[in-house]
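Here's the structure we're looking at; comments come further down.
Residue numbers (my numbering), protein chains in the order written: chain Y, 3 to 117; chain H, 585 to 702.
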């Protein structure tokens, strides 16, 4: 099992569709993240969960809805997206705490195309 | 607010040569971590090297080393003896030493695409 697994790897959807991205981490970490990666832009933090409680919502439009049922799983529900939402969506996890070094472990990403 | 700047969108290096990727950051915090991450084409992003701000000694991991200049807020990555497998996007990242609501915020740069020429 790889550390952080994302499915699907590729997704094409119309603007009226509803779809979900899934992330699973097998590392026992307490924090999970959704990032949006667009060309020539810094990674944009979308959501952060710590022990399945949302601790950060970085002014993300409501058409993106996260869900974290437990510390190992993270979902991103997509609804009524716009073409500019096309991007690579990265999930990451970390073991947060003062004694930890703070490394993020990333999944391979879900490439989303909105038509 | 913290910012991370990578001013080189793309760099090229000949195989076996040395290349340096630049990164500057801005922060008012004294406790923080800096990272370089590597993202190969269509593969997951992985940590290359990490530097704690309180450590004066520059971090080194095999062929990868950093030049950490705290006063100048500069954090460059040097890759020695470049290999074809080093071709990737490289991201510089900052992590605060202080947690907000139990989690730490990471700030990433825009990335530098490194090409390695055979």
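Just so it is clear, CB atoms sit at the ideal spot from N, CA and C, and this is done for glycine as well.
As the structure is a prediction and not an experimental result, all values here were calculated from the model.
- Message: Tell me the DSSP secondary structure of residue 615 of chain H in three-state form.
- Response: Counting from 1 along the second chain, the entry for residue 615 of chain H is found at position 31. Three-state result, residue 615 of chain H: coil.
- Task: Tell me, please, whether the segment 596-615 of chain H touches the segment 86-93 of chain Y by the rule of three or more beta-carbon pairs shorter than 8 Å.
- Result: No, the segment 596-615 of chain H is not in contact with the segment 86-93 of chain Y.
- C-beta atoms of residue 664 of chain H and residue 651 of chain H nearer than 8 Å: Counting from one through the second chain, the residue named residue 664 of chain H turns up at place 80. Counting from one through the second chain, the residue named residue 651 of chain H turns up at place 67. Not a contact, by the Cβ cut-off of 8 Å.
- Around the C-beta of residue 52 of chain Y, are 16 or more other C-beta atoms found within 10 angstroms, so that it is buried, or is it exposed? Along the first chain, read from residue 1 onward, the residue named residue 52 of chain Y stands at position 50. Sixteen is the threshold: when 16 or more other Cβ atoms of the shown chains lie within 10 Å of the Cβ of residue 52 of chain Y, as they do, the residue is buried.
- Query: What's the call for residue 111 of chain Y, buried or exposed, on a 16-neighbour Cβ count within 10 Å?
  - Reply: On the first chain, residue 111 of chain Y is found 109 positions in, with the first residue counted as 1. Under this definition residue 111 of chain Y is a buried residue.
- Query: Within 8 Å (strictly less), CB to CB, does residue 693 of chain H reach chain Y?
  - Reply: Here the question's residue 693 of chain H lines up with position 109 in the second chain. Interface residue, yes.
- Task: Give the secondary structure of residue 85 of chain Y by DSSP, where H, G and I count as helix, E and B as strand, and everything else as coil.
- Result: Numbered from its first residue, the first chain carries residue 85 of chain Y at position 83. Residue 85 of chain Y: helix per DSSP, three-state reduction.
- Message: DSSP three-state label for residue 610 of chain H, please.
- Response: Counted from its first residue, the second chain places residue 610 of chain H at position 26. Residue 610 of chain H: strand per DSSP, three-state reduction.
- When we look at the beta-carbon of residue 629 of chain H and count the other beta-carbons within 10 Å, is it buried (16 or more) or exposed? Translated into the one-based positions of the second chain, residue 629 of chain H becomes position 45. When all chains shown are included, residue 629 of chain H counts as buried.
- Measure the CB-CB distance between residue 697 of chain H and residue 593 of chain H and report whether it falls below 8 Å. To locate residue 697 of chain H, count along the second chain from 1; it is residue 113. To locate residue 593 of chain H, count along the second chain from 1; it is residue 9. Yes.
- Query: When the Cα atoms are used, what is the spatial distance from residue 692 of chain H to residue 675 of chain H?
  - Reply: The count along the second chain starts at 1 and reaches residue 692 of chain H at position 108. The count along the second chain starts at 1 and reaches residue 675 of chain H at position 91. Spanning the two alpha carbons is a distance of roughly 7 Å.
- Query: Can you name the residues of chain H whose CB is closer than 9 Å to the CB of residue 71 of chain Y?
  - Reply: If you number the first chain from 1, residue 71 of chain Y lands on position 69. Within 9 Å Cβ-Cβ: nothing; residue 71 of chain Y doesn't reach chain H, min ~18 Å.
- Message: Does residue 106 of chain Y come out as helix, strand or coil in the three-state DSSP assignment?
- Response: Taking the first chain and counting its residues from 1, one reaches residue 106 of chain Y at position 104. Residue 106 of chain Y: coil per DSSP, three-state reduction.
- What residue does the beta strand (DSSP E) around residue 14 of chain Y start on, and which one ends it? In the first chain, residue 14 of chain Y corresponds to position 12, counting from 1. It spans 12-15 - the beta strand (DSSP E) in which residue 14 of chain Y sits, taken as one unbroken run.
- Query: Name the residues in the segment 615-636 of chain H whose C-beta lies less than 9 Å from a C-beta of chain Y; which are they?
  - Reply: Considering only beta carbons, the part of the segment 615-636 of chain H lying closer than 9 Å to chain Y consists of 617, 619, 621, 623, 626, 627, 628, 629, 630, 631, 634, 636, in chain order.
- Item | contact_flag[the segment 3-14 of chain Y, the segment 46-65 of chain Y] where n(CB pairs < 8 Å) is 3 or more | no
- Query: Is the shortest distance between the beta-carbon of residue 690 of chain H and the beta-carbons of chain Y less than 8 Å?
  - Reply: The sequence position of residue 690 of chain H within the second chain is 106, counting from 1. For residue 690 of chain H, a Cβ of chain Y is located within less than 8 Å of the residue's own Cβ.
- Query: By Cβ distance, which residues of its chain are closer than 7 Å to residue 10 of chain Y, with the 5 residues on each side in sequence left out?
  - Reply: Here the question's residue 10 of chain Y lines up with position 8 in the first chain. Counting only Cβ-Cβ distances below 7 Å, and skipping sequence neighbours, we find 112.
- Task: Tell me where the beta strand (DSSP E) around residue 73 of chain Y begins and ends.
- Result: Residue numbering aside, residue 73 of chain Y sits at position 71 when the first chain is read from its first letter. Run containing residue 73 of chain Y: none; DSSP gives neither H nor E here.
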